[in-house]
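Protein chains in written order, with my numbering: chain A, 54 to 352; chain B, 1448 to 1987; chain C, 2 to 270.
Below: one structure, written as structure tokens.
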Amino acid sequence: MMLKAKLLKARMLKAKIAGHVLTLAATVLLGGLLSAVLVRLAPGFDVDERELDPHLSAQSVQALRAAREQDQNIFRFYLSYMNRVAHGDLGKSFSLGQPVRTLLRDRAPTTLRLLALGLAMAWVAALALALSAAWLKASIFDAASTLLSAALLCLPAAVLALLSVLWNISGSLAIALIVFPRIYRYSRNLLTRSYSLPHIVTARAKGLGEARILLWHAIPGIAPQLLALAGVSVSMAVGAAIPVEALCGLPGVGQLAWQAALGRDLPLLVNITILVTLVTLLANSGADVIGQVFRSQES
Amino acid sequence: MKKACAQAIAVASICIAFLATLAMAQTGGELRFCLRMEPKTFDPLKVEDEASVQVRYLTGGTLVRINRQTQELAPELALAWKVSKDGRQISFRLRSGISFSDGTPFSATDVAYTMQQLMDPALHSPTGDAFRSGTGSVETKIVSPTQISITFPAPVAGLDRLFDQVAILSQHSPKRELAVLGPFMLADYKPGASVLLKKNPNYWKTDEEGRKLPYLDSIRLDIQPNRDVEMLRFKRGELDLINSLDSEYFDKLAATSPQVAHDAGPSLDSEQLWFNEVARAPIPDSKKAWFRSTNFRLAISDAINREDLSRIVFHRHAQPAAGPFSPANKFWFNSKLTPPAYDSNAALKMLQGEGFRLENGTLKDKSGNAVVFSIITNAGSKIRERMAVLIQDDLQKIGIHVNVVTLDFPSLIERMTQSFDYEAIILGLTNVDLDPNGEMNVWLSSSENHQWNPQQKTPETAWEAEVDRLMRVQASSVDPKKRKEAFDRVQEIVVEQEPFIFLINKNSLSAVSTRVHGAVPVILSPQTFWNAERLTVAGQ
Amino acid sequence: MNLWQKLASALLAGVLCAAATASWLAPRGYAGQDREAISEPPSRAHWLGTDELGRDRFARVLYGTRISLLLAPAAALLSTLMAAVIGGLAGYLGGTWARMAMAVTDLFLSLPWLFLLITARALMPLNVSPLFSVVVTFLLLGLLGWTTAARVLCASAASLRSADFVRQARAVGVSGQRLFWIHVLPNLKPVLFAQFWISIPVFILSEANLGILGLGVAEPMPSWGSLLKELEGLVSVGEEPWKFVPLALLVLVVMSFQSLLARQEEMTA
């Protein structure tokens, strides 16, 4: 009986995982298609800046226009794109004339490093300050942190990136400064709320160790939300990477995305969207799964 | 005695050391500056964008070179050349004993090969199209390893000067387009980050004292689209020059270090405003009627204060434009033309003559429609945005309400060339060559680039028909005087009709660090490193 | 109300008053170009100096306040409500609803919305009133800006679903709707307030960035975002500290909002 139950459970788990993976794949593919549709519908899709060169003859201009016409039908483009991906070919970029695969492969490490470092710094700072706010409850400290995060929120990302060039700090710090105020506010509110819950107030009054309270009661209570926030912070960092890389001259995927957007480079944009969707989904699904674990432990 | 000897030796050695460092400072070093965009290709035949053109200038060897300072044509790989009387054939006598950067010998077969590749109908590049004067194939005849003649199916205006853009490729080298004849060669390319050019060890040119050129060891080109960052890096000493500088940065630089900022005077570039005159444009008919009226356009031109544009937007580093060509183009500019004077009263009178009237501060046309239109321009260009706002204010004084809309460039181009869904637009023209034949496609009414009303099946106005005729005359003549006569008349007609309202001619501004020796900023591109083979960088 | 909150209310009231009486405080208006006084430092005639077209910066700050201070909180409210409905409701209902809502949220986070905005601009006629263009911009920002909070709210609501007090309320027979609006939603307040507060400066800055696409305010109308864009010319700002006044003002306003929101939180805890 026990064995049967265990086998059943294992099969259900496999089905559940398969279901999740399918949803993931479907969402990623849908993301690619939607981004292709968005790019196609936006004006300026089938024009080329090169047409404006008066040296080009009429035939050359016609040839340029004909070359862009191939991607007119968006569904046909997407189907052929899927077909090529199955064979490992991600297509060729319009604006840079290089295969997308090489472009992404060369640039991904820079961006990953930038994001990892930036996110780590942002989270360390946010949690440290949020904890201090919840623990110390000193209004001056809270006001100072609020001032810092308000000031950072009000500075345009371009200015932060320029400052990092001016003071010769790495781009990761710029990303950390952009992401930090956003996660600080949420985590501070969550932690303060957590600390004001009756059972924690009682525990503190009773003299239970602070570290114990934090690790065993305060944080686990809001773990799912913090994890969800962590998942979303990945998207925030990815979004911040675009202006930071473009301004600091870092040859990463963000800079590529910006060039692709300006040049309406469909193959590049579709691939980057799929990449970003994948990263976002993985981060958020991961956060969900771990959150479930915490939630099931609570109950 | 001994003491004096020792002293003499000490002084002598100091002198020698000093001279030695001077001599060392004359050669070597790395020049660093920025490219505004990623170069799209390193194949010299396909080059179109500015970054690729700059790389080609440094690596490509051409038969002749327009000296950017004197604007005269000078021999390079060709010792002498002759253009036939009918303008269809050009013969070159080439230098001998020259090899490509990888050692492959250079001869007339390489020139023939390059021309055949360039004139391939499947290649759609501005360099090749500039030679396409008529249908038919181009024939090359190799008379000897150092003599070649090239025959075109129809006369090509300014034929010899066009070869300044043609970088010779090697027919036999295994390195294909990476084997070059220019002073530098491509050593490393990090996409998105930088291009590194190293000195070409086989470069044939020597200076007057017989020393091998180039003096520099290498050139590093960083890819940096942002002007603020470029400026920061220049100030910090990480860059040696900024090839084209914006006027506000120029003033700030000139305030702190005047010897670094250079204003070479009016360049060939212009900024202009034009109205949509396309018959099938999706704009109200009343507006079409205004825009197609010459007097309306002339009135608008008079109502714009060009002096203020030059003073406020460009901090006086620009001049009001007189017509399609800038006075910097000494031979071709029609010197009888002067910029229109600012006179809003005259403008209002001209409009009233067309049936417009001013009512409560708003200008209304014959049918009572208030004169309101939009000016679009490309976002990201602070200069054009500011010009648009100043023009908005100028036109408000005569009761015209203008809406300024900045759009991203692809959307702008789509409206301009495909949907024709715009009313007025401000853009600039960057002229790279002096010869008006390069602008043939702008003035021919049937062409795509006839911006205000492209692709007309037959000229819709008498003056456009006349301009078509005159442009064909200058394209088919070989006599420079005849060509100038024709193009002078084109300039006059354009100023009489104002299809383009020419606003200003920008000055050529650049920054060159004091570490660089030998730089002479000029107005023709590339402004600061046109003589890159003779530049040196000290203190490295 | 403690001292901070009193100061905060006073500041906000002062700013709103100044914005409302802008035509009296700055009679020259935000568009008047004093072409002889370009990029001037502060003087008696121009309290915050002039910009690069000779327009009075003080007037532009006042008029810009009207637009940004009215529309950004409205857009922030919109995005917060959407986050509450999509994230909170989905998390509370759980199961397939939550999964679908989160998949939609993830898609929203990853798509290149730049192109939707470009298309939005293309659909608007070229000759729209500047006010219409800026209202549309903030509307779009509000409609696209809910994603961050939605995920966190979903997680919060899901946790609450299995919380003791909710179970007890259900056991007693409290209906689903009443349960959500009266018991669950108030507990989502920390995240909702954080979302609202963060969105205000983020939307103000985004509106300026959208100027690249032709959205946002049209010249010569000013907005705080466009005033802050002046800071991007960092090379010069060091010598012109008065250019930081819009930034300082925005930070103070944002902090005042925070102070008052904190009071709201205290009142409902």
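Built from N, CA and C at the ideal position, the CB exists for glycine as well.
Residues that residue i contacts on chain B, provided the C-beta gap is smaller than 7 Å
i                 : result
Phe223 of chain A : Inspection of the sequence shows that residue 223 of chain A is occupied by Ser rather than by Phe. Within chain B, no residue comes near Ser223 of chain A; the closest Cβ sits about 15 Å away, beyond 7 Å.
Ala209 of chain C : Those do not exist, as Ala209 of chain C stays about 12 Å from chain B at its closest Cβ, beyond 7 Å.
Asp159 of chain A : Pro1638
8 Å Cβ cut-off: residues of chain A touching residue i
i                 : result
Pro202 of chain C : Ala203, Leu206, Cys207
Backbone secondary structure at residue i - three-state DSSP
i                  : result
Arg158 of chain A  : helix
Gln1974 of chain B : coil
Asn242 of chain A  : helix
Gly84 of chain A   : helix
Met1471 of chain B : Because Met1471 of chain B carries a pLDDT of 49, less than 50, the predicted location of this residue cannot be relied on, and no value is offered for it.
Ser349 of chain A  : helix
Ala32 of chain C   : coil
Asn3 of chain C    : coil
Asn1742 of chain B : helix
Lys1796 of chain B : helix
Leu1478 of chain B : strand
Gln1706 of chain B : coil
Arg1667 of chain B : strand
Leu1982 of chain B : coil
Gln1903 of chain B : coil
Gly146 of chain C  : coil
Leu1679 of chain B : helix
Phe1539 of chain B : strand
Lys62 of chain A   : helix
Chain B contact residues for residue i, given Cβ-Cβ distances below 8 Å
i                 : result
Ala219 of chain C : Asn1850, Val1851, Val1852
Neighbouring residues, chain C, relative to residue i (Cβ below 7 Å)
i                  : result
Glu1870 of chain B : Leu127
Gly84 of chain A   : Leu108, Ser111, Leu112
Ser88 of chain A   : Leu112, Pro113
Proximity to residue i [Cα-Cα], best of the options
i                  : options                                    : result
Gln278 of chain A  : C:Gln169, C:Val153, C:Met103, C:Leu216     : C:Val153
Ala236 of chain A  : C:Arg179, C:Gln196, C:Lys190               : Note that residue 236 of chain A is Ile in the sequence shown here, rather than Ala. When only C-alpha atoms are compared, the closest one is C:Gln196.
Gln1612 of chain B : B:Leu1720, B:Asn1776, B:Ser1531, B:Asn1514 : B:Asn1514
Leu1970 of chain B : B:Asp1880, B:Thr1509, B:Pro1621, B:Leu1745 : At residue 1970 of chain B the sequence reads Ile, which differs from the Leu that was named. Of the candidates B:Asp1880, B:Thr1509, B:Pro1621, B:Leu1745, the one whose C-alpha sits nearest the C-alpha of Ile1970 of chain B is B:Asp1880.
Val1937 of chain B : B:Phe1947, B:Leu1917, B:Asp1926            : B:Leu1917
Leu206 of chain C  : C:Gln34, C:Glu233, C:Thr149                : C:Glu233
Gly1875 of chain B : B:Glu1754, B:Leu1606, B:Phe1949            : B:Phe1949
Val1942 of chain B : B:Leu1609, B:Asn1742, B:Met1484            : B:Asn1742
Ser1791 of chain B : B:Ala1750, B:Gly1550, B:Phe1867            : B:Ala1750
Pro42 of chain C   : C:Cys155, C:Asn128, C:Pro242               : C:Pro242
Val1642 of chain B : A:Thr164, A:Ala281, A:Pro304               : A:Pro304
Ile272 of chain A  : A:Thr245, A:Lys259, A:Pro296, A:Thr255     : A:Thr245
Thr1961 of chain B : B:Val1984, B:Ala1634, B:Arg1540            : B:Val1984
Leu1795 of chain B : B:Ala1922, B:Gln1536, B:Gln1843, B:Lys1735 : B:Gln1843
Trp1899 of chain B : B:Thr1877, B:Ala1871, B:Trp1910            : B:Ala1871
Arg1981 of chain B : B:Leu1565, B:Lys1659, B:Ile1597, B:His1619 : B:Lys1659
Neighbouring residues, chain C, relative to residue i (Cβ below 8 Å)
i                  : result
Gly1827 of chain B : Ile213
Ile1759 of chain B : Arg36, Ile39, Glu53, Leu54, Gly55
Leu200 of chain A  : Val252, Met256
Whole-number beta carbon distance between residue j and residue i, since they are thought to touch under 8 Å
i                  : j                  : result
Ile1615 of chain B : Val1558 of chain B : 6 Å
Pro1927 of chain B : Asp1915 of chain B : Pro1927 of chain B to Asp1915 of chain B, Cβ: 21 Å. No contact.
Pro251 of chain A  : Gly144 of chain A  : Not really, about 58 Å apart at Cβ, beyond 8 Å.
Where residue i meets chain C, residues with beta-carbon distance less than 9 Å
i                  : result
Ile1823 of chain B : Leu127, Gly215
Beta-carbon neighbours of residue i, restricted to chain B and to distances below 9 Å
i                 : result
Ile119 of chain C : Leu1854, Asp1855, Pro1857, Ser1858
Closer than 7 Å at the beta carbon, the chain A residues around residue i
i                 : result
Phe194 of chain C : Asn242
Got a sec: which bits of the segment 225-258 of chain C sit with their beta carbon under 7 Å from any beta carbon on chain A, in order along the chain? Leu229, Lys230, Leu232, Glu233, Leu235, Leu248, Leu251, Val252, Val255, Met256
Positions along the segment 275-302 of chain A whose CB lies within less than 8 Å of some CB in chain B: Ala299, Leu300, Cys301, Gly302
Taking a Cβ distance cut-off of 8 Å, strictly less, list which residues of the segment 105-119 of chain A are near chain B, in chain order. Leu105, Asp106, Pro107, His108, Leu109, Ser110, Ala111, Gln112, Ser113, Val114, Ala116, Leu117
May I ask you to list, following chain order, the residues of the segment 1676-1709 of chain B that have a beta carbon less than 7 Å from some beta carbon of chain A? Val1676, Leu1679
Using a Cβ-Cβ cut-off of less than 9 Å, list which residues of the segment 1829-1841 of chain B approach chain C; keep chain order. Lys1829, Glu1832, Arg1833, Ala1835, Val1836, Leu1837, Gln1839, Asp1840
Counting only Cβ-Cβ distances shorter than 8 Å, please list the residues of the segment 78-101 of chain C near chain A, keeping chain order. Arg100
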